[in-house]
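Participant:
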Amino acid sequence: MNDLLALDPYQAIEAPLPDSGDARLKAMLAWALLSPSPHNTQPWSWSIKDGVIDLHADYARQLTVSDPDGRELTIGCGSSLEHLLLRLGQEGVGVTVEEFPDPDDPRHLARVSVGVGTPYPRHDDLVTAMGARRTNRRSYSGDPMEAALRTALDEAAREFGVTVTWVSEADLRKALVRLIMASDREQMESKEFRHELAHWMRPKHSRKDDGMESDLLGQKGVAAYVAPLVVRTFDVGDAQAAKDQQLTEGSPDIAVLSTDSDDAAARLATGRALARVVLTAMAGGRYSAYMNQPCEVPTSRAKLAALLGVAHPQLVLRFGHAEPVHPALRFPVAQVLAD
Ligand SMILES: Cc1cc2nc3c(=O)[nH]c(=O)nc-3n(C[C@H](O)[C@H](O)[C@H](O)COP(=O)(O)O)c2cc1C
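All you need for the working numbering is the position in the sequence shown, starting with 1, plus 182.
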């Protein structure tokens, strides 16, 4: 059993599970850990006792420069929570979910009581998609999604009060690309931003279990090894902006997820919607990646809100077909399980 909790979650989801009890629930956390998170920080801590699962935000892993108030951290945790709930849905057991169960502890994001309440809706296709989903930062090809798939993504997000705005019209897309490029330049001008990014960049075949490997960020050959140094040392804003322009303009589908408020509950809901959206896209054969910079730079975020006529843009996503990429690094369950 302990061996199972020490495995890379991508291997753990292929292994047989313990029959019942907390041991089974702990093993099922492997699916939660496959969730995306900002810079692959995996900013969550889980505990399980007597069928009660608690999720806490781990602020020690916060990106204090690009995410100073923990908005994206909470989104990542919401996504991880949704992964777990979808996996529990396959068990057919009752679950009761309380978000922010302790008014005195805002880091306590959720409590899931297993065996109480009605089963979570079953979506086998989405659970299968967890093993295949990647943030694939390559160029995308293909036609825009068929209407039914777009509608499925819209409805998945709406369940959580999150709106999906498709950026298809040419002028709107151009304006979004300009905002992405301006945000790239502004972020990369900041030495603190570059240091933080470099801190989470890893060489290919890194032995660490967090952060982003250079090859997954699109660096090849020698560049993959010197990339953190380059990012740390030089303002590469123009190069980043040009690359993001090309990737965004070439993507068959671009969508912005937004909410009516921007409190912690809305951010957790955005994370749950994000999981549903990117897993539904993956189940439909589409990779996803992020162009989130305009949501991270406050002046750009206000412009993006005005451009789309939405209150609080939370995430900018692109979707399409692409060459596959390998899975990103992950902590084993044992690492994120508090006693
Ligand atoms: C809230 C949030 C924001 C993210 N922002 C970006 C981003 O701006 N650019 C990017 O390339 N990836 C972004 N990501 C993707 C993460 O880097 C990715 O999930 C992580 O490296 C793990 O890789 P995986 O998604 O392939 O498992 C974001 C993920 C989350 C949850």
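Think of the CB as a built atom: it goes at the ideal place given N, C-alpha and C, for glycine as much as any other residue.
Under three-state DSSP, which class holds lysine 485?
Facilitator: If DSSP states are grouped into helix, strand and coil, lysine 485 belongs with the helices.
Participant: At what residue ranges does the segment 393 to 459 contain a whole run of the alpha helix (DSSP H), taking only runs of 4 or more?
Facilitator: Runs found: 403 to 415 and 419 to 431.
Participant: Could you have a look at lysine 231 and say whether DSSP puts it in helix, strand or coil?
Facilitator: strand
Participant: Ends of the alpha helix (DSSP H) at alanine 194?
Facilitator: 191 to 194
Participant: With the cut-off set at 8 Å, would you say leucine 270 and phenylalanine 282 are in Cβ contact?
Facilitator: no
Participant: Given a cut-off of 8 Å on the beta-carbon distance, is the pair asparagine 318 and alanine 510 in contact?
Facilitator: no
Participant: Return the chain-ordered ranges of every beta strand (DSSP E) run that is complete within the segment 221 to 303 and spans a minimum of 3 residues.
Facilitator: 226 to 231, 234 to 239, 276 to 281 and 290 to 301
Participant: Does the segment 314 to 330 come into contact with the segment 412 to 423, if we say contact requires no fewer than three beta-carbon pairs (one atom in each stretch) closer than 8 Å?
Facilitator: no
Participant: For tyrosine 472, which residues does DSSP report across the bridge?
Facilitator: Leu499
Participant: How many angstroms separate the CA atom of lysine 373 from the CA atom of serine 321?
Facilitator: Approximately 28 Å between the Cα atoms of the pair.
Participant: Given a cut-off of 8 Å on the beta-carbon distance, is the pair arginine 449 and leucine 215 in contact?
Facilitator: no
Participant: Cβ of glycine 274 within 8 Å of Cβ of threonine 300?
Facilitator: No. Outside cutoff.
Participant: Assign histidine 494 to one of three DSSP states: helix, strand, or coil.
Facilitator: In the three-state reduction of the DSSP assignment, histidine 494 falls in the strand class, which pools E and B.
Participant: Where does the unbroken beta strand (DSSP E) through threonine 347 begin, and where does it stop?
Facilitator: Residues 345 to 348.
Participant: Kindly indicate which three-state DSSP category serine 323 falls into: helix, strand or coil?
Facilitator: strand
Participant: Could you check if lysine 485 is buried or exposed, using at least 16 other CB atoms within 10 Å of its CB as the buried criterion?
Facilitator: buried
Participant: Should alanine 409 and methionine 383 be called a contact, given that it needs their Cβ atoms to be closer than 8 Å?
Facilitator: yes
Participant: Whose C-alpha, out of Ala424, Ser262, Val294 and Leu268, is nearest the C-alpha of aspartate 232?
Facilitator: Val294
Participant: Rounding to the nearest angstrom, what Cα-Cα distance links aspartate 442 and alanine 339 in this structure?
Facilitator: 13 Å
Participant: Report the CB separation of glutamine 224 from valine 518 in whole angstroms; it is logged as a contact under 8 Å.
Facilitator: Distance from glutamine 224 to valine 518 at the Cβ level is roughly 7 Å; contact confirmed, criterion being Cβ atoms closer than 8 Å.
Participant: Where does the unbroken alpha helix (DSSP H) through histidine 387 begin, and where does it stop?
Facilitator: From DSSP, histidine 387 is part of no alpha helix (DSSP H); its letter is neither H nor E.
Participant: Just confirm the distance between the C-beta atoms of alanine 357 and serine 482, as a whole number of angstroms; I'd bet it's less than 8 Å.
Facilitator: With 8 Å as the limit, alanine 357 and serine 482 do not qualify as a contact, their Cβ atoms being about 11 Å apart.
Participant: May I ask which residues mark the beginning and end of the alpha helix (DSSP H) holding glutamate 371?
Facilitator: Run containing glutamate 371: 352 to 371, per the alpha helix (DSSP H) assignment.
Participant: Decide if glutamine 496 is buried, meaning its Cβ has at least 16 other Cβ atoms within 10 Å, or exposed.
Facilitator: Per the 10 Å Cβ criterion, buried.
Participant: Within 7 Å: the Cβ of histidine 265 and any heavy atom of ligand 1?
Facilitator: no
Participant: Which one or two residues does DSSP pair with leucine 519 in a beta bridge?
Facilitator: Trp228
Participant: Going by C-alpha distance, which of Pro220, Asp366 and Leu398 is nearest histidine 508?
Facilitator: Nearest option by C-alpha distance: Leu398.
Participant: Is it the case that the Cβ atoms of glycine 400 and cysteine 259 are separated by a distance below 8 Å?
Facilitator: no
Participant: Measuring straight from C-alpha to C-alpha, what distance separates aspartate 185 and serine 217?
Facilitator: 21 Å
Participant: Pull up the distance between the alpha-carbon of histidine 377 and that of serine 248, whole angstroms please.
Facilitator: 11 Å
Participant: Taking the C-alpha atoms as reference points, what is the distance between tyrosine 302 and proline 385?
Facilitator: So the two alpha carbons sit approximately 39 Å from each other.
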